[in-house]
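Chemist: Let me begin by handing over the structure; questions about it come next.
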Amino acid sequence: MKLHFLKEEALETLKGNIKTNLRNYSSPTNDWIMDFFKGENPFIEYKKEVSDFKLKMSYEKPEEGDVENIKIIYSAMSNLTETDATDERLWSGLEHGAFWDFLRYRWSVSKKPPEEKDIYNHFFFSQSKKRSLITNTLSKLWWIGKLTYDEKRRNPFELTEYLKHDLASRSRVLFSSNYSNNPVIVRALLSSLIKLQNQGLNISREIFTEATKYLNVLGGTYILDYFEEEELSEKISNRVKTLLSA
């Protein structure tokens, strides 16, 4: 399967004309894009190929399919370099191209036409690069997969599945942390919380947030990258137990 970037100039042109194209983003097809660029192709082919894949669009509530689609997109595109995976041209290109139908499905466009801010958030990088990775539709799926995939586990997406019941909130907390670009630290956090939950402890949204804050504080004292995953996991477990017993 070949992927296509948006050319830099095309990306900036589309971003600068969201208001002009507002109705076009409710269109059932993306044919308007070629018309908008007067027949000139705004896309450029990505140098790597990936396995053919389709994202699931069968859930009555589209957000309930996010974890399954994280597995699909990350499995197919795990060979992306981090440089490419932080490139707005790639994700925006896919969203305006091959995955136009998915964007319409995910955001229920046929039921609720998007506003300007919705288009900016869902089809582009609308904030800082780090923040945009978790607000852009497709990059969010890929990056959650990147941070939570653990090939050493029998189910390599076990940590991903742990986020399922509060994905929006917990992924937002993870990406706002100081260590969000380090899968080892994220795995240590999620592993410890899963173990505690399996022991019958209630890991609420508040406890999850406090655990991430603890890692941020710990990172101000130590270089977290130097810790083994198991060592970090133990520290997190001890902290959470203290919080729960308070």
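Just so you know, the sequence shown maps onto residues 1 to 246 in the UniProt record's numbering. No residue lacks a Cβ here, since even glycine has one placed at the ideal position from N, Cα and C.
1. What does a CB cutoff of less than 6 angstroms around residue 50 pick up in its chain, not counting 5 residues either side in sequence?
2. Excluding the 5 residues preceding and the 5 following residue 41 in the sequence, name in chain order all residues of the same chain whose CB lies nearer than 6 angstroms to its CB.
3. Would you give the residue range spanned by the beta strand (DSSP E) that residue 3 belongs to?
4. Measure from the alpha carbon of residue 219 to the alpha carbon of each residue in 211, 47, 178, 33, then state which is nearest.
5. Starting from residue 54, follow the alpha helix (DSSP H) in both directions and report where the run begins and ends.
6. Report all residues from its chain with a CB closer than 8 angstroms to the CB of residue 170; omit the five preceding and five following residues, and keep chain order.
7. Closest by CA to residue 145, which one among 226, 183, 198?
8. Could you give the DSSP three-state label for residue 99: helix, strand or coil?
9. Looking at residue 6: is its Cβ nearer than 9 angstroms to the Cβ of residue 14?
10. Would the beta-carbon of residue 92 fall within 9 angstroms of that of residue 136?
11. At what residue ranges does the region 93–154 contain a whole run of the alpha helix (DSSP H), taking only runs of 4 or more?
Modeler: With the structure as the only source:
1. By one-based count along the sequence shown, residue 50 stands at place 50. Within the same chain, residue 50 has close Cβ partners 1, 76, 77.
2. For the purposes of this step, residue 41 is identified with residue 41 of the sequence shown, where counting begins at 1. If we look at residue 41 and ignore the five residues flanking it on each side, it has no Cβ neighbours.
3. Working through the sequence shown from its first residue, we reach residue 3 at position 3. Note, residue 3: beta strand (DSSP E), 2–6.
4. Residue 219 sits at position 219 when you count from the first residue of the sequence shown. Among 211, 47, 178, 33, the Cα nearest to that of residue 219 belongs to 178.
5. Taking the sequence shown and counting its residues from 1, the one referred to as residue 54 is at position 54. Per DSSP, residue 54 belongs to no alpha helix (DSSP H) and is neither H nor E.
6. Walking along the sequence shown from the start, residue 170 turns up at place 170. The answer, listed in chain order, is 163, 205, 208.
7. For the purposes of this step, residue 145 is identified with residue 145 of the sequence shown, where counting begins at 1. Among 226, 183, 198, the Cα nearest to that of residue 145 is on 183.
8. Here residue 99 corresponds to residue number 99 of the sequence shown, with the count starting at 1. Coil, per DSSP.
9. Residue 6 sits at position 6 when you count from the first residue of the sequence shown. Residue 14 sits at position 14 when you count from the first residue of the sequence shown. Yes; because the gap between Cβ atoms is below 9 angstroms, this pair is in contact.
10. For the purposes of this step, residue 92 is taken as the residue at position 92 of the sequence shown. For the purposes of this step, residue 136 is taken as the residue at position 136 of the sequence shown. Closer than 9 angstroms, so yes.
11. 100–106, 116–123, 129–135, 137–148
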